[in-house]
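Visitor: Residue numbers for the sequence shown follow full-length UniProt numbering, so the first one is 1 and each next one is one higher. We put the CB at the ideal spot given by N, CA and C, even for glycine. Can you read through this structure? Questions will come right after.
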Amino acid sequence: MEAESADNVFIPQVTFTRIPKIGQEFESHEEAYNFYNDYAREAGFSARIANTKKNKETGEIYWKLFVCSKEGKTDETYQNTQKFAVARIGERNRGKTRTGCNSRLAVVKQQTGQLWVVNKFVEQHNHVLTTPSKVHLLRSHRHVSAAKKALTQQLAEANIPTCQQVRLLEIDSGGPSSIGCIERDLRNHERNIREEQRGHDADTLIEFFTFEREKSPNFYFDYEVDSANKLVRCFWADSESRRSYGVFGDAVVFDTTYNTNQYSMIFAPFVGVNHHGQTILFASGLLSDETAESFVWLFSKFLEAMPTQAPQIIITDQDAAIAKAISMVLPFTFHRYCLWHILNKFSEKINVMVYNDEYHMLVNIIKHSESSDEFEERWACLMENRDFANNEWLCGMYAIRSRWVPAYVNHIFSAGMSSSQRSESGHSFFKRYVNRKNSLMEFITRFNMALRHQRHEELVANHVDISEQPRLMSKIQMEHQMVHIYTKKIFLLFQKEIDESHFYICTKKSSHGDSKVYVVERREHGKTFDRHRQLTYFMESDYISCSCRTFEFNGYPCRHMISYLRKKQVLLLPEKYIFRRWTKNAKMHCLQDPTLGFTDQDSSSMSLMARHGLLGHKASLIVDDAALTAARSAFLMGEFESLHLRVKEVDDGGNIGSMRHNITTHEQSHTIHDPSVVRAKGCGKRLKSSKEKSMSRGNRQCGICGQHGHDKRTCPKRNERSTAIDGRGEDDYVEMQQVERDDGTFTSQARDDGTFHSQARDDGTFTSQASSHYDVHELVFLTFVIPLKAIGSRAARWLLEPKISRKWRVATAVAAGTNNQPNKEINVEPSPSRPTQRVLRRFRAATYRVKSGTVYGPDRSGRTPEMGWVVAGDGLGVGLYAGLSPVSHAKERSGRQTEK
1 MEAESADNVF IPQVTFTRIP KIGQEFESHE EAYNFYNDYA REAGFSARIA
51 NTKKNKETGE IYWKLFVCSK EGKTDETYQN TQKFAVARIG ERNRGKTRTG
101 CNSRLAVVKQ QTGQLWVVNK FVEQHNHVLT TPSKVHLLRS HRHVSAAKKA
151 LTQQLAEANI PTCQQVRLLE IDSGGPSSIG CIERDLRNHE RNIREEQRGH
201 DADTLIEFFT FEREKSPNFY FDYEVDSANK LVRCFWADSE SRRSYGVFGD
251 AVVFDTTYNT NQYSMIFAPF VGVNHHGQTI LFASGLLSDE TAESFVWLFS
301 KFLEAMPTQA PQIIITDQDA AIAKAISMVL PFTFHRYCLW HILNKFSEKI
351 NVMVYNDEYH MLVNIIKHSE SSDEFEERWA CLMENRDFAN NEWLCGMYAI
401 RSRWVPAYVN HIFSAGMSSS QRSESGHSFF KRYVNRKNSL MEFITRFNMA
451 LRHQRHEELV ANHVDISEQP RLMSKIQMEH QMVHIYTKKI FLLFQKEIDE
501 SHFYICTKKS SHGDSKVYVV ERREHGKTFD RHRQLTYFME SDYISCSCRT
551 FEFNGYPCRH MISYLRKKQV LLLPEKYIFR RWTKNAKMHC LQDPTLGFTD
601 QDSSSMSLMA RHGLLGHKAS LIVDDAALTA ARSAFLMGEF ESLHLRVKEV
651 DDGGNIGSMR HNITTHEQSH TIHDPSVVRA KGCGKRLKSS KEKSMSRGNR
701 QCGICGQHGH DKRTCPKRNE RSTAIDGRGE DDYVEMQQVE RDDGTFTSQA
751 RDDGTFHSQA RDDGTFTSQA SSHYDVHELV FLTFVIPLKA IGSRAARWLL
801 EPKISRKWRV ATAVAAGTNN QPNKEINVEP SPSRPTQRVL RRFRAATYRV
851 KSGTVYGPDR SGRTPEMGWV VAGDGLGVGL YAGLSPVSHA KERSGRQTEK
């Protein structure tokens with residue numbers, strides 16, 4: 001490039017009026033630069049400011065030099081000795097751009113006036129000029145205007161990524177070359193905003209909350225800082241959320257979520273359900289940790305902010321810190337654990353084979369037991385049959401059954417919620433708007449937009465209730481009555497109960513003082529179902545209660561109650577069975593204070609997009625008409641230039657739309673520091689390698705001698721044992737010998753402080769004997785490969801069942817089936833360890849992997865060969881090998897004989 005500059009001279013071909021001239025005057029040096037930059041755009045190069053001279057006494061600028069961007073040369077010494085002397089990570093591999101171009105324009109301020117005059121102009125360049133199709137890529141011709149900054153900021157609030165923002169700008173401008181900037185410029189602008197906010201983020205958030213409270217006195221917020229004056233806790237609730245709690249705050253769901261801001265502060269929303277069955281927000285908080293102290297503070301602020309008393313029930317996951325805080329702050333609120341989280345842990349806490357066999361029975365007992373006595377009876381029967389009593393976790397969950405089993409908690413109104421699913425769905429909804437890169441102000445801005453969308457869904461449901469009426473399925477007066485009272489969502493549920501009530505027969509069972517007991521049975525097609533419900537009528541209060549607890553739990557009458565009312569010829573549903581929270585007028589009793597509420601649309605925030613769209617539409621109509629002829633185009637171009645100057649002269653106070661996250665540039669010192677980046681216990685964790693896991697276990701137990709302080713690689717008794725494979729140090733395995741006899745039997749022996757002897761005959765008998773010079777509990781891992789002609793699954797199960805290795809965490813392994821009939825009890829086992837793989841390669845035999853109850857051969861056909869294999873241990877079986885490990889799971893089996 002520099003060689004080219006020595007021989008070639010390039011003169012731009014530009015319109016005469018665009019070429020600067022010596023003596024040309026400008027009102028300011030900014031105007032002079034803009035004129036030179038416009039000339040550079042048409043010429044095909046990029047301009048930049050090279051030098052400035054100031055008066056030493058006054059500091060006033062009196063001389064400016066503008067040059068081509070390729071002026072000067074690259075400092076090779078700096079490049080080689082400093083910049084690239086060490087590896088630089090994350091830096092672009094940018095080539096050389098300077099060619100020593102001498103093209104320039106110098107302006108000087110007049111001594112007697114305020115005008116600036118061109119005193120030097122060099123037109124020639126020593127490099128090739130850029131073509132018009134690529135001139136928009138030059139640096140001085142790329143500019144992110146104030147309008148585009150505000151527009152992209154609003155698009156970012158809608159969680160539209162930068163790459164898609166560029167696509168939208170391309171559509172609006174007519175192509176990439178007409179945007180005025182490139183994607184990198186937008187990303188640099190976002191970076192600059194983040195840098196401006198750094199150190200002021202927490203201050204800006206508190207200022208925003210203070211401003212919201214000034215607009216609406218019913219906006220509530222509070223915060224706490226630590227000893228270093230860093231923000232650690234924050235709570236807020238707007239007027240609409242507080243009003244909603246006054247109506248629907250009887251049941252609350254609380255859960256925390258992560259990865260919503262760049263400080264990893266935990267987002268903790270309080271949610272509930274409205275009269276349309278939709279998830280609504282009551283309040284929100286940000287916490288730096290999940291300690292009981294933080295939750296006590298959060299729940300205390302929640303009680304202070306809410307207009308009514310504490311909720312009847314609060315549903316959370318099984319967290320000790322949350323439970324402690326609720327017991328301290330909400331002592332009269334029933335605390336229910338999330339049923340879904342508990343049921344989801346069964347697969348981790350229960351033996352795999354038992355879990356697969358009994359999970360559905362467990363769920364049936366937990367969910368469908370309608371009384372505590374029924375649950376106790378069925379639970380005790382299951383524990384006795386499956387020996388679950390030894391499972392510590394299951395016993396612990398049984399001890400706190402009153403917190404999560406429906407039979408114990410369904411008597412409390414929960415709006416149909418038995419888990420924290422409402423909160424989980426709310427997290428999923430809000431995370432469509434926020435991400436882990438957001439600052440606190442970006443988070444709150446996007447959060448408010450998501451909240452507006454959530455509340456708009458309630459507005460749509462209200463509109464549907466007013467303009468539509470659900471179809472009626474019968475002429476029952478009760479159905480005609482409730483279609484005008486219940487919301488559509490609740491009415492459809494109640495309508496289903498009415499339809500099902502026709503299949504139930506209510507008969508009187510007994511009478512006790514002021515109460516009567518009825519039995520409600522289901523009869524369909526002449527068949528009576530075994531399950532029946534018990535309905536009690538209290539004469540003094542004229543109130544009925546059903547054993548299914550649907551009315552108490554959901555808040556609308558069940559089919560059994562409707563069957564009783566029909567029997568008593570009650571045509572209309574009594575008011576005592578109508579929960580006001582499920583009606584269309586649930587929020588009508590709230591005071592309509594004009595200072596309360598949440599505006600549907602922030603006019604200052606949305607006006608820029610509205611104005612931009614309106615002006616763009618008008619401009620496009622004018623451009624369409626003017627582009628038809630050259631005369632019209634020339635006329636409109638001149639009018640545009642004069643109009644542009646007139647628009648700039650309009651004084652609007654410098655207010656270009658609402659840019660909420662922009663930091664005021666005042667010099668006052670901030671009082672609240674940004675929060676520290678935290679690592680919560682529920683955030684994503686880095687996956688560790690097996691080596692890291694083994695190093696983090698601390699003082700491990702030796703696999704040879706059972707002592708602590710060293711492992712099997714450094715054990716002093718290592719040399720005393722015989723090696724398994726040619727002395728290569730595979731001390732997990734002992735040497736095997738296998739002898740096949742002429743009479744159809746074979747003998748396998750494993751020695752080195754332990755002996756195993758087995759015989760298999762053609763008559764279908766199999767004998768085995770195992771002994772160990774170690775303690776009995778040390779013989780824990782035996783894997784057999786025996787032709788299934790000589791052994792059945794019962795014998796294999798007897799051999800393998802007691803030898804479950806904690807090392808591999810596998811369930812009891814059994815034999816594969818024979819004659820192409822795979823045994824369905826075989827489990828999916830983990831992949832073999834590296835020592836096992838080396839042993840398998842040593843024997844050079846076919847291997848079979850257990851997967852979904854099928855033994856796979858080398859051809860991966862998924863069928864069991866006629867000569868099957870017994871598979872145990874780590875999922876692969878070959879030869880006959882044994883391992884010694886001090887795990888106390890083995891039982892001694894010797895001298896026993898089992899027939900096929």
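Quick one: Cα of S474 to Cα of V483, how far?
Guide: Using only the alpha carbons, I get a separation of about 12 Å.
Visitor: For N51, I'd like the list of residues in its chain whose CB is within less than 7 Å of its CB, leaving aside the five on either flank, ordered along the chain.
Guide: L65
Visitor: How many whole angstroms separate the CB atoms of S563 and V519, which I take to be in contact at a CB cut-off of 8 Å?
Guide: Contact doesn't hold; Cβ gap of about 11 Å is too wide.
Visitor: Hey, quick one: how far does the beta strand (DSSP E) through G285 stretch, first residue to last?
Guide: 279-287
Visitor: Return the bridge partner residues of H125 from the DSSP annotation.
Guide: F10
Visitor: Give a yes or no on whether the C-beta atoms belonging to P269 and S423 are separated by under 8 Å.
Guide: Taking the C-beta atoms as reference points, S423 is found nearer than 8 Å to P269.
Visitor: Mapping DSSP to helix, strand and coil, what is I826?
Guide: Any reading at I826 is ruled out, since the residue's pLDDT is 36, under 50, leaving its predicted position unreliable.
Visitor: Leaving out five residues on either side along the sequence, give the residues of the same chain with a beta carbon under 8 Å from the beta carbon of A407.
Guide: S369, E370, S371, S372, E374, F375
Visitor: For the beta strand (DSSP E) that contains D222, what are its first and last residues?
Guide: 220-225
Visitor: Can you tell me whether N34 is buried or exposed? The criterion is at least 16 other CB atoms within 10 Å of its CB, across all chains shown.
Guide: Result: exposed.
Visitor: Taking only the alpha-carbon atoms, compute the straight-line gap between M561 and I544 and give it to the nearest angstrom.
Guide: 7 Å
Visitor: Can you list, in chain order, the residues of its chain with a C-beta nearer than 6 Å to that of I19? Leave out the 5 residues immediately preceding and following it.
Guide: Here I19 has no same chain residue with a Cβ atom under 6 Å from its own Cβ, once five neighbours each way along the sequence are excluded.
Visitor: Classify P161: buried if its beta carbon has 16 or more other beta carbons within 10 angstroms, exposed otherwise.
Guide: By the neighbour-count rule (16 or more Cβ atoms within 10 Å), P161 is not buried but exposed.
Visitor: Are the beta-carbon atoms belonging to Q312 and F334 less than 8 Å from one another?
Guide: yes
Visitor: Along the chain, where does the beta strand (DSSP E) that runs through T52 open and close?
Guide: Its beta strand (DSSP E) spans residues 47-54.
Visitor: Y577: which of K567, C546, M588, K587 sits nearest, CA to CA?
Guide: Scanning K567, C546, M588, K587 for the CA closest to the CA of Y577 turns up C546.
Visitor: Distance, Cα to Cα, I171 vs S178?
Guide: 10 Å
Visitor: Is it true that the CB of R549 sits closer than 8 Å to the CB of N364?
Guide: no
Visitor: If you draw a straight line from the alpha carbon of A305 to that of L286, how long is it in whole angstroms?
Guide: 16 Å
Visitor: Measuring straight from C-alpha to C-alpha, what distance separates E290 and V678?
Guide: 11 Å
Visitor: With a threshold of 16 other CB atoms inside 10 Å of the CB of F635, please say whether the residue is buried or exposed.
Guide: F635 should be labelled exposed.
Visitor: Confirm, please, whether the CB-CB distance from Q154 to N438 is below 8 Å.
Guide: no
Visitor: Kindly identify the DSSP beta-bridge partner or partners of L572.
Guide: For L572, which the question treats as bridged, DSSP gives no partner whatsoever.
Visitor: Determine, using beta carbons only, whether G100 and K73 come nearer to each other than 8 Å.
Guide: Contact: yes.
Visitor: Enumerate, from N- to C-terminal direction, the unbroken alpha helix (DSSP H) stretches of 4 or more residues contained entirely within the stretch 400-452.
Guide: 406-409, 421-430
Visitor: Distance check for Y433 and R533, CA to CA, integer angstroms please.
Guide: For R533 and Y433, the distance between alpha carbons rounds to 47 Å.
Visitor: Rounded to whole angstroms, what's the CA-CA distance from M539 to K567? Just pull it up for me.
Guide: 16 Å
Visitor: What are the complete beta strand (DSSP E) segments, minimum 3 residues, inside the stretch 293-330?
Guide: 313-316
Visitor: Whose C-beta lies closer than 7 Å to the C-beta of L129 among residues of the same chain, with five residues either side of it excluded?
Guide: F10, P12, A43, G44, F45
Visitor: Can you round the beta-carbon distance between Y556 and F494 to whole angstroms, since I take them to be within the 8 Å contact cut?
Guide: 5 Å
Visitor: Report yes if the CB atom of A40 is closer than 8 Å to the CB atom of A47, and no otherwise.
Guide: Cβ atoms of A40 and A47: closer than 8 Å.
Visitor: Please report the straight-line C-alpha distance between F302 and E212, rounded to a whole angstrom.
Guide: 18 Å
Visitor: What first and last residue would you give for the beta strand (DSSP E) that runs through Y359?
Guide: First-last for Y359: 352-368, but that is the alpha helix (DSSP H), not the beta strand (DSSP E).
Visitor: Would you decide whether W393 is buried or exposed? Buried here means 16 or more other CB atoms lie within 10 Å of its CB.
Guide: exposed
Visitor: Would you identify the three-state DSSP class for H708, choosing helix, strand or coil?
Guide: strand
Visitor: Sorted by chain position, which residues of the same chain lie with C-beta nearer than 7 Å to D38's C-beta, five sequence neighbours on each side aside?
Guide: R18
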